[in-house]
Amino acid sequence: MKPVFAADPFPVNYLESREAFLRQAVARGARLESTVMPDVAGAHGEALAMDFAYLGDDSCRKTLLVTTATHGVEGFCGAGCVSLLLADEDLQTRARQNGVALLLVHGVNPYGFSHLRRVNEDNADLNRNWLDFASGVPANPLYDQLDELLIPKSWPPTAEADARLNEVIAEMGQSDFRRAIATGQYSKPDGLYFGGAAKSWSAVTLFRQLKTMLSTTRSLGWIDVHTGLGPYGHGEKLYVGRADPAEEARARSWWGQDVFSVHRKGAVSGTVSGALAHLVYDLGLSFESTIMALEYGTVGTPSVRAALRGDQWLYRNSDAPAAKAHAIKQALKDAFFCDEPVWKGMVLGQFKVAVIQAIDGLAHQQAAAEPSHLALT
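Using the working numbering, you'd call the opening residue of the sequence shown number 27 and step up by one each time.
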């Protein structure tokens, strides 16, 4: 079979990325499912969609799920990783021989991917959006103290504004500051780390598709690709499932003892409210899940934070001059995707290892028992 792998698998924009994903998936004989976002267009007028490529027999009881662009602009990295997987016949053969299906999701947050935002069309952070909003949302008074300082009236911020922000952070303490931004907030719809006012199109679409496409799965591995936290090029392995010792231990048995739980102190990402990965526990399906976020470091926390603040300022000031808006968007992309050969090589190498580990982990895992109603048919 001819290779379907580009010299550089990382895309220039969302439109190119989606076209490449669909082209590679078709070339590999994948079963494709796509849901187009209604009433919202991409940055270049293109349709926005969440695309699913399934490689494997319908009888497979073990599935490796890979998701990308949960945080929009982080999709440049994730798309390159998925392109690698679609191009790698040896990896696909390894999965097939071990009875593992591959389910690859392109563009969980297509709006953010296309428009160069970490959040979605409603300014919602999808990783803080899987909540029962009818039952109320958690308060975050710590964030309320920071909002106007994080997003100043002018951009770039004045020295005085940054000095005041640093002063408040010092008074609050680093631990409380990290908690203020990591847990998400639901009181400032135009603020940072907003979890939304209702479940998003992306969350609902992902839930519905997974409920159908994972209906026969009894063992699930899930790698969600992220960027922006940790040392340059290092893939921090974060257990992001529920606080369950058995699931956490299984993640370490697959991916190594350096898997860090977000439920413990010291992880590059703290525990969040409404984590998207937790939707698997609401699917009503009978499988054991093992979930990891693979979080690649980029340019360092200060630069990432500055890029996020600038982007949020632009959201509040949409009439900003075009040149300033372009610079802010480019800074955000650069904060979450390092367009450098060394970084790209580090990303792809670690991703391939993580996929191999997940396939082997699934291969040796005892699948969850069939539901009783299936056993009787």
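Just so it is clear, CB atoms sit at the ideal spot from N, CA and C, and this is done for glycine as well.
Check	Outcome
Three-state secondary structure assigned by DSSP to LEU112	helix
Where TYR219 sits in the DSSP three-state scheme	coil
PHE313, DSSP secondary structure in three states	coil
Residues that THR61 bridges to, as DSSP identifies them	MET76
DSSP bridge partner residues for GLN376 (one or two, in chain order)	Per DSSP, none; premise fails for GLN376.
Burial state of GLN118, where buried means 16 or more other Cβ atoms lie within 10 Å	buried
Distance CB(ARG54)-CB(LEU112) smaller than 7 Å	yes
Three-state class that DSSP yields for GLU42 in the structure shown	helix
Reduced DSSP secondary structure (H/G/I, E/B, other) of TRP369	helix
Cβ pair count under 8 Å reaching 3, the segment 101 to 111 against the segment 56 to 63	no
7 Å CB neighbourhood of ASP173 in its chain, flanking five on each side removed	LYS214 and GLY217
Entirely enclosed alpha helix (DSSP H) segments - the segment 131 to 161, minimum 4 residues	136 to 141
Beta strand (DSSP E) segment containing TRP281, residue limits	First-last for TRP281: 271 to 281, but that is the alpha helix (DSSP H), not the beta strand (DSSP E).
Residues near LYS359 by beta carbon distance below 8 Å, same chain, minus five either side	VAL99, PHE102 and LEU142
Beta-carbon gap between VAL298 and THR238 smaller than 7 Å	no
C-alpha gap between ARG44 and GLY133, whole angstroms	8 Å
Whole-angstrom distance between VAL330 and GLY267, CA atom to CA atom	25 Å
Through-space distance from TYR80 to LEU48, alpha-carbon basis	12 Å
Cα-Cα separation between GLN288 and ARG205, rounded to whole angstroms	For clarity, residue 288 is Val in the given sequence; the question names Gln instead. Taking the straight line joining both Cα atoms gives about 12 Å.
Inter-stretch contact at 8 Å, needing at least 3 Cβ pairs: the segment 316 to 331 / the segment 242 to 259	yes
Between the CA atoms of ASP151 and ARG144 - distance to the nearest angstrom	7 Å
Whole-Å CB distance - LEU311 paired with LEU240, under 8 Å assumed	6 Å
Reduced DSSP secondary structure (H/G/I, E/B, other) of ILE338	Reading off the sequence, residue 338 comes out as Gln, not Ile. In the structure shown, GLN338 sits in a helix (DSSP, three-state: H, G or I).
At least 3 beta-carbon pairs within less than 8 Å: the segment 338 to 354 vs the segment 268 to 288	no
Residue closest to THR96, alpha-carbon to alpha-carbon, out of GLY282, MET372 and GLY138	GLY138
Under 7 Å between C-beta atoms of GLY222 and ASN155	yes
N- and C-terminal bounds of the beta strand (DSSP E) containing VAL92	88 to 93
Span separating the alpha-carbon of ILE334 from that of ASN124	Note that residue 334 corresponds to Leu in the displayed sequence, not to Ile. Using only the alpha carbons, I get a separation of about 42 Å.
Local Cβ density within 10 Å of ALA361, reported as buried at 16 or more and exposed below that	buried
Sub-7 Å separation of GLY254 and THR324 beta-carbons	yes
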